[in-house]
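Per UniProt numbering: the sequence shown = residues 1 to 431. Built from N, CA and C at the ideal position, the CB exists for glycine as well.
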Amino acid sequence: MTDPILSLDACSLIAGVRDGALSHRAVAEAYLDRIATKEESVGAFIFHDSAMVRDAADALDLAGTRGALAGLPVGVKDVIDTCDMPTGYGSALYGATQPVWDAPCVTQSRQAGALMMGKTVSTEFAMASPGKTRNPWNTAHTPGGSSSGSCAAVASGMALMGFGTQTAGSIIRPASYCGVVGYKPSFGLLDPSEIKVLSHSLDTLGVVTRRVADAALVAAILGGRPGLALKGLPDTAPRIGVFRTPPFNTEAATDAALDHAIRALGAAGARVTDITPPTDFGSTHGLHAAIMGWEVSRALSHERLVLGDRLTEVTRAFLAEKARVTVEEYDAARRALPAVHQSLSQAMAEVDILLAPSAPGTAPKGLEATGSPEFNTPWTVLHMPALTLPAILSDGLPVGVQIIGRIGEDAATLRAAAWVERCLEAPKVAP
1 MTDPILSLDA CSLIAGVRDG ALSHRAVAEA YLDRIATKEE SVGAFIFHDS
51 AMVRDAADAL DLAGTRGALA GLPVGVKDVI DTCDMPTGYG SALYGATQPV
101 WDAPCVTQSR QAGALMMGKT VSTEFAMASP GKTRNPWNTA HTPGGSSSGS
151 CAAVASGMAL MGFGTQTAGS IIRPASYCGV VGYKPSFGLL DPSEIKVLSH
201 SLDTLGVVTR RVADAALVAA ILGGRPGLAL KGLPDTAPRI GVFRTPPFNT
251 EAATDAALDH AIRALGAAGA RVTDITPPTD FGSTHGLHAA IMGWEVSRAL
301 SHERLVLGDR LTEVTRAFLA EKARVTVEEY DAARRALPAV HQSLSQAMAE
351 VDILLAPSAP GTAPKGLEAT GSPEFNTPWT VLHMPALTLP AILSDGLPVG
401 VQIIGRIGED AATLRAAAWV ERCLEAPKVA P
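In structure tokens:
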């Protein structure tokens, strides 16, 4: 990336626009040039209009606006409503649908001076049927899903922040595959209104960025929680518990990333210890499947029962499987969660954060599937904050490690994740 604007992290770019060193239009042109160079090979956007971006940038410059997210180039996942761009929910069924208003996260971003670069590709209804996006590190591989386009756009330098959603592993996994920071906040920290619902108990709005500080700043602004923004790193190293999430089906690349992180953190002064998963933790996969299955079957009733013959085969099969969940299984899963929370809280008593794999390995080859969320579903169903941080490259593909904090303690989790990030110092933009 030759334009110096493209090398700036979000915090630095916003500061440059706010103090007048950069204009919104200059930022827009730099990122539009990058999109012109990379989009054909990566396919991160389902909708993009250069004239719309330039008009928005010019309007901000003319108004003299210097908002808290001034000039931030944003990719908006295609399950999030936008008043001036179609929202297709990743499906041909709704490809031309035009909402009449923005989702709150988009409205807040615009009001804070951010630039909406376009709508990014999602799997169909943020589930299992992949879109066109390719992994920018190696276009023969999947970027992961369902937040495929947002992760690929940030990783390839076509956006500096992307909105993602996670109901199973749809932020953490693709961010790991694409070598960027993915942040899934505690459940409900960011408002998920006007976003296609899959599971009202699990759907979580999050962000994809290059650095932890960028994710923290965006969450602070959109969540109305100034304390989330980072003001330097902690004075003391966090206490870190290595959590080998059962059944721990990892590939050699993930084992190498976790080992690298353990060595780097220990060398930097952190106390790193192994945490034995509670005996009931293995049930979280089944609890997640029951809760998501029951809720998604109802949230997508119209698509499943009325429009089923027009869905992709992958989505039809996915919904048919989820529809087998009974109300008794759903209620039992919800009743079981508090006990898992309690046992996990006891296991974490002597640590500040957990360190775990973000995904089983590197991004799988091919575009027919988006990888397994097995290392993400437990933290989603438990509503705990999680981030993935780039750790290593394996055969030219990124591998991340996952940081998990206590539910509701996002500020502490972000601070600890920034400390870990400094120790890893992995590349975050694909060549």
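By the 10 Å Cβ neighbour count, where 16 or more other Cβ atoms means buried, how is residue i classified, buried or exposed?
i: N249; result: exposed
i: D214; result: buried
i: K365; result: exposed
i: L307; result: exposed
i: G188; result: exposed
i: E425; result: exposed
i: R415; result: buried
i: H288; result: buried
i: residue 433; result: Because the chain in this structure spans residues 1 to 431, residue 433 falls outside the shown range and cannot be described.
i: A28; result: buried
i: H141; result: buried
i: D81; result: buried
i: T326; result: exposed
i: K119; result: buried
i: A261; result: buried
i: Q346; result: exposed
i: V100; result: exposed
i: R210; result: buried
i: L300; result: buried
i: R335; result: exposed
i: G64; result: exposed
i: P398; result: buried
i: residue 504; result: Residue 504 cannot be examined here, being either before or after the span of the chain that is shown, 1 to 431.
i: L305; result: exposed
i: H302; result: exposed
i: A317; result: exposed
Determine the contact status of residue i and residue j, defining contact as a CB-CB distance below 8 angstroms.
i: M117; j: H48; result: yes
i: P226; j: A219; result: no
i: V355; j: V181; result: The residue asked about is misnamed: residue 355 is Leu in this sequence, not Val. Not in contact: L355 and V181 (Cβ atoms no closer than 8 angstroms).
i: V154; j: S122; result: no
i: L230; j: L13; result: no
i: S394; j: A256; result: yes
i: G400; j: P390; result: yes
i: A430; j: G179; result: yes
i: K322; j: M348; result: no
i: E251; j: P360; result: yes
i: V197; j: A175; result: no
i: residue 433; j: P130; result: Nothing can be reported for residue 433, as the shown portion of the chain is limited to 1 through 431.
i: L6; j: A30; result: yes
i: H285; j: T377; result: yes
i: P136; j: A152; result: yes
i: P192; j: L205; result: yes
i: P277; j: T245; result: yes
i: D352; j: P238; result: yes
i: K77; j: M158; result: no
i: V272; j: R134; result: no
i: A216; j: I240; result: no
i: L387; j: Y183; result: yes
i: G396; j: N138; result: yes
i: A290; j: A333; result: yes
i: V314; j: A59; result: no
i: L190; j: G232; result: no
i: L93; j: V53; result: no
i: L62; j: S50; result: no
i: G162; j: G90; result: no
i: L311; j: S297; result: no
Bridge partners of residue i, per DSSP?
i: F45; result: T120
i: V207; result: F163, Y183
i: V76; result: K119
i: V242; result: D274, L355
i: K365; result: H141
i: I195; result: I80
What ranges does the beta strand (DSSP E) occupy inside the stretch 375-427, keeping only unbroken runs of at least 3 residues that lie completely in it?
Taking 3 residues as the shortest admissible run, the stretch 375-427 contains the following complete beta strand (DSSP E) segments, listed from N- to C-terminal end: 386-394, 397-404.
Is the stretch 415-423 in contact with the stretch 140-148, if contact means three or more CB pairs nearer than 8 angstroms?
Fewer than three pairs of CB atoms, one per stretch, sit closer than 8 angstroms, so the stretch 415-423 makes no contact with the stretch 140-148.
Does the pairing of the stretch 405-415 with the stretch 357-373 give three or more beta-carbon distances under 8 angstroms?
Verdict: no, contact absent.
Would you check if there are 3 or more beta carbon pairs closer than 8 angstroms linking the stretch 16-32 to the stretch 56-74?
Yes, since at least three Cβ pairs between the stretch 16-32 and the stretch 56-74 fall closer than 8 angstroms, the two stretches touch.
With contact counted as at least three CB pairs below 8 angstroms, one residue from each stretch, are the stretch 122-137 and the stretch 101-108 in contact?
They do not touch, by the three-pair rule.
Please confirm if the stretch 371-381 is in contact with the stretch 161-169, defined as three or more CB-CB distances below 8 angstroms between the two stretches.
The stretch 371-381 makes contact with the stretch 161-169, as at least three CB pairs between them are under 8 angstroms.
What ranges does the alpha helix (DSSP H) occupy inside the stretch 259-316, keeping only unbroken runs of at least 4 residues that lie completely in it?
Positions of the alpha helix (DSSP H) runs, each at least 4 residues long and wholly inside the stretch 259-316, are given as 284-299, 301-305 in order along the chain.
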